[in-house]
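Asks:
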Amino acid sequence: MPLHGRTVVRGVQNDYRELKQIGEGIFGRCFSAYRVYDNELVQLKEYNVTSMSIADRRQLIEGIEILQCMYYRHIVRFYASFGDPEADVHYVETELCAGGSLRELINYYRGLATSGVVSHQGEPPALGTYRSGRSVYIDEAIVWNIAAQAIAGLAFLHNQTEDGERCAVAHRYISPESFGINGDGVLKLDNFEIAVVAKASNSPFNEVDRSVTGVVGVPAYRAPEIKEGEYYGPPSDIWSLGCVLLELCTLRVPPVYVSESSEFEVYMPDQYSSELRSFIRSMLKIDPVQRPTSVLLKANKNLSRYQHAAVPIPVLAHAST
1 MPLHGRTVVR GVQNDYRELK QIGEGIFGRC FSAYRVYDNE LVQLKEYNVT SMSIADRRQL
61 IEGIEILQCM YYRHIVRFYA SFGDPEADVH YVETELCAGG SLRELINYYR GLATSGVVSH
121 QGEPPALGTY RSGRSVYIDE AIVWNIAAQA IAGLAFLHNQ TEDGERCAVA HRYISPESFG
181 INGDGVLKLD NFEIAVVAKA SNSPFNEVDR SVTGVVGVPA YRAPEIKEGE YYGPPSDIWS
241 LGCVLLELCT LRVPPVYVSE SSEFEVYMPD QYSSELRSFI RSMLKIDPVQ RPTSVLLKAN
301 KNLSRYQHAA VPIPVLAHAS T
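77 is the number that the UniProt record's numbering gives to position 77 of the sequence shown; each next residue is one higher, with no gaps.
This is how it looks when you write it as structure tokens:
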């Protein structure tokens, strides 16, 4: 995995201007900022390492090192990692997804559904909305588009090489907040702070990794095997993405898994096709071995139709309403 970006030590005050907090990360705060030397608007994540446990520090370092190696269209691009010598903090600089996140996109549609008002004349032309009675839904083509780009990113993560051998990276924090949208409508996977190299090269890629355990991730998107404190790997990311796609269709946070049955109850509005229903259900199999791999999902004919389309940009949507 080739290394991209640069690692430096410097004071943040001299290198950035107009810092604006835009969110809270897993281990710290997230800012937008202008890089002084070229006036580029970037994302800057700040981590207070003195308040972190030794284990969390090690995990953060591993996550940053993984992101440094992930140079791909659907993964947020790493630029720099550095410590501020005047404060016990660490920073990671990446590209800024100025279009917002999937969470903001979902909230936009949820707001339309809550208000009960959909203006076909006034809504942003880049956003696809259709209405059934008093209900508002995201157009199915947009769901397929988001699925195509997200799965392309996961397929890249799950099929890596290290020292000439195959390995897989498990993201472990798949949620709507972890997908950004750039100004061109390209979906980007972010939040690599708890990512790990999760599988030996000689293991089947749909087999759960038995060397990595622990309870991580956002509860509503957490796979059953993680909730039980068992093994996880790429199949756990597939479950989490299935939950994200389910939320895009229902505009509701997915129910937390509690059942031990062989199937996870998946409710989707009747407005969506049987193909999309089956696609999402396949990702939400309780047994991780039964879930399709990201490579298999990527081969779905519906995804190939939408992979290169632009995702609606929630920031522009809010600005026009």
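Every residue, glycine too, gets a C-beta built ideally from N, C-alpha and C.
So the beta strand (DSSP E) LEU44 belongs to, where does it begin and stop?
Replies: Residue 44 sits at position 44 when you count from the first residue of the sequence shown. 40-48 is the extent of the beta strand (DSSP E) around LEU44.
Asks: Only counting the same chain, and skipping five residues up and downstream in sequence, which positions put a Cβ closer than 7 Å to that of GLU247?
Replies: Mapped onto the sequence shown, residue 247 falls at position 247. Closer than 7 Å at the Cβ level, and outside the excluded window around GLU247, lie ILE106, PRO176, VAL253, PRO254.
Asks: Can you tell me the Cβ-Cβ gap for ALA147 and ALA170, rounded? I've got them flagged as a contact below 8 Å.
Replies: Locating residue 147 in the sequence shown gives position 147, counting from the first residue. Locating residue 170 in the sequence shown gives position 170, counting from the first residue. The pair is not a contact, with the Cβ atoms about 19 Å apart (cut-off 8 Å).
Asks: Report the residue ranges of all alpha helix (DSSP H) runs contained in full by the stretch 273-318; include only those spanning at least 4 residues, in chain order.
Replies: 274-283, 294-298, 301-306
Asks: Report the start-end ranges of each alpha helix (DSSP H) in the stretch 144-170 that is 4 residues or longer and not cut off at the edges.
Replies: none
Asks: Could you have a look at ILE194 and say whether DSSP puts it in helix, strand or coil?
Replies: The residue labelled residue 194 in the question sits at position 194 within the sequence shown. It is coil, neither helix nor strand.
Asks: Apply the 10 Å Cβ neighbour rule to VAL289 and answer buried if 16 or more other Cβ atoms are within range, or exposed otherwise.
Replies: Within the sequence shown, the letter at position 289 stands for residue 289. Per the 10 Å Cβ criterion, exposed.
Asks: Among GLY63, LYS188, GLY233, ILE22, which residue has its Cα nearest to the Cα of residue 381?
Replies: The structure shown does not extend to residue 381, since the chain is modelled only from 1 through 321, so no value can be given for it.
Asks: Examine the Cβ distances between the stretch 86-97 and the stretch 40-53 and report whether three or more of them are shorter than 8 Å.
Replies: yes
Asks: Any idea what DSSP makes of GLY180, helix, strand or coil?
Replies: By 1-based counting over the sequence shown, the position of residue 180 is 180. Strand, per DSSP.
Asks: In the DSSP output, what is SER32 paired with across the bridge?
Replies: Walking along the sequence shown from the start, residue 32 turns up at place 32. According to DSSP, SER32 bridges with LYS20, GLN43.
Asks: What does a CB cutoff of less than 6 Å around LEU154 pick up in its chain, not counting 5 residues either side in sequence?
Replies: Taking the sequence shown and counting its residues from 1, the one referred to as residue 154 is at position 154. Excluding residues within five positions, the ones whose Cβ falls inside 6 Å are ASP237, SER294.
Asks: GLU65 lies in the alpha helix (DSSP H); which residues open and close that run?
Replies: Start at 1 with the first residue of the sequence shown, and residue 65 comes out as number 65. 54-69 is the extent of the alpha helix (DSSP H) around GLU65.
Asks: Leaving out five residues on either side along the sequence, give the residues of the same chain with a beta carbon under 8 Å from the beta carbon of VAL143.
Replies: Stepping through the sequence shown from its first residue, residue 143 is reached at position 143. Once the five neighbours on either side are set aside, the close Cβ partners of VAL143 are LEU245, LEU248, CYS249, TYR272, LEU276.
Asks: Let me know the secondary structure DSSP gives VAL136 once reduced to three states.
Replies: Reading the sequence shown from its first residue, position 136 is the one you call residue 136. Strand, per DSSP.
Asks: Could you check whether VAL311 and VAL186 sit closer than 9 Å to each other, using their CB atoms as the reference points?
Replies: For the purposes of this step, residue 186 is taken as residue 186 along the sequence shown, with counting starting at 1. For the purposes of this step, residue 311 is taken as residue 311 along the sequence shown, with counting starting at 1. Going by C-beta atoms, VAL186 is nearer than 9 Å to VAL311.
Asks: How is ILE238 classed by DSSP in three states: helix, strand or coil?
Replies: For the purposes of this step, residue 238 is identified with residue 238 of the sequence shown, where counting begins at 1. If DSSP states are grouped into helix, strand and coil, ILE238 belongs with the helices.
Asks: Leaving aside the five residues before and after GLY183 along the sequence, list all residues of the same chain whose C-beta is less than 8 Å from its C-beta, in chain order.
Replies: Walking along the sequence shown from the start, residue 183 turns up at place 183. For GLY183, where only same-chain residues beyond five positions count, the Cβ hits under 8 Å are ALA98, GLY99, ILE313.
Asks: What's the gap between the Cα of THR114 and the Cα of LEU96?
Replies: Within the sequence shown, residue 114 is the residue found at index 114, counting from 1. Within the sequence shown, residue 96 is the residue found at index 96, counting from 1. Spanning the two alpha carbons is a distance of roughly 30 Å.
Asks: Tell me which same chain residues have a C-beta within less than 8 Å of the C-beta of PHE156, skipping the five on either side of it?
Replies: Position 156 of the sequence shown holds residue 156. The beta carbon of PHE156 sits closer than 8 Å to the beta carbons of MET70, TYR72, HIS74, ILE75 from its chain, once the five residues preceding and following it are set aside; these are given in chain order.
Asks: Given a threshold of 16 other Cβ atoms within 10 Å of its Cβ, counted over all protein chains shown, does ARG77 qualify as buried or as exposed?
Replies: Position 77 of the sequence shown holds residue 77. Flag for ARG77 reads buried.
Asks: Could you tell me whether the Cβ atoms of PHE179 and LEU67 are closer together than 9 Å?
Replies: Along the sequence shown, one-based indexing puts residue 179 at 179. Along the sequence shown, one-based indexing puts residue 67 at 67. No, the pair does not count as a contact, with Cβ atoms beyond the cut-off.
Asks: Could you pull out every residue in the same chain whose Cβ sits closer than 7 Å to the Cβ of VAL266, ignoring the five residues on either side in sequence?
Replies: For this step, residue 266 is matched to residue 266 along the sequence shown. Same-chain partners within the cutoff: LEU246, ILE280, ARG281, LEU284.
Asks: If I'm right that LEU296 touches TYR109 with Cβ under 8 Å, what's the distance once you round it to whole angstroms?
Replies: By one-based count along the sequence shown, residue 296 stands at place 296. By one-based count along the sequence shown, residue 109 stands at place 109. Incorrect: roughly 29 Å between the Cβ atoms, too far for contact.
Asks: For ALA152, count neighbouring Cβ atoms within 10 angstroms of its own Cβ and tell me buried if that reaches 16, exposed if not.
Replies: The residue given as residue 152 occupies position 152 in the sequence shown. By the 10 Å Cβ count, ALA152 comes out buried.
Asks: Between TYR306 and ALA141, how many whole angstroms is the CB-CB distance? I'm expecting something under 8 Å.
Replies: Here residue 306 refers to the residue found at position 306 of the sequence shown. Here residue 141 refers to the residue found at position 141 of the sequence shown. Confirmed, Cβ separation roughly 6 Å.
Asks: Spatial neighbours of LEU19 within its chain, please: C-beta separation below 6 Å, excluding the five flanking residues on both sides.
Replies: Reading the sequence shown from its first residue, position 19 is the one you call residue 19. So the qualifying residues of the chain are PHE31, ALA33.
Asks: Rounded C-beta distance between ALA220 and TRP239? I'm assuming under 8 Å.
Replies: Taking the sequence shown and counting its residues from 1, the one referred to as residue 220 is at position 220. Taking the sequence shown and counting its residues from 1, the one referred to as residue 239 is at position 239. With 8 Å as the limit, ALA220 and TRP239 do not qualify as a contact, their Cβ atoms being about 11 Å apart.
Asks: What are the boundary residues of the beta strand (DSSP E) that includes HIS90?
Replies: Sequence index remark: in the sequence shown, residue 90 carries index 90 (1-based). First-last of the beta strand (DSSP E) with HIS90: 89-95.
Asks: Around the C-beta of VAL36, are 16 or more other C-beta atoms found within 10 angstroms, so that it is buried, or is it exposed?
Replies: Stepping through the sequence shown from its first residue, residue 36 is reached at position 36. VAL36 is exposed by the Cβ-count criterion.
Asks: Assign ALA98 to one of three DSSP states: helix, strand, or coil.
Replies: Locating residue 98 in the sequence shown gives position 98, where the first residue counts as 1. The three-state secondary structure of ALA98, taken from DSSP, is coil.
Asks: Hey, is TYR47 close to the ligand ADP, as in C-beta under 8 Å from one of its heavy atoms?
Replies: Because no ligand of any kind appears in the structure shown, any question about the ligand ADP cannot be addressed here.
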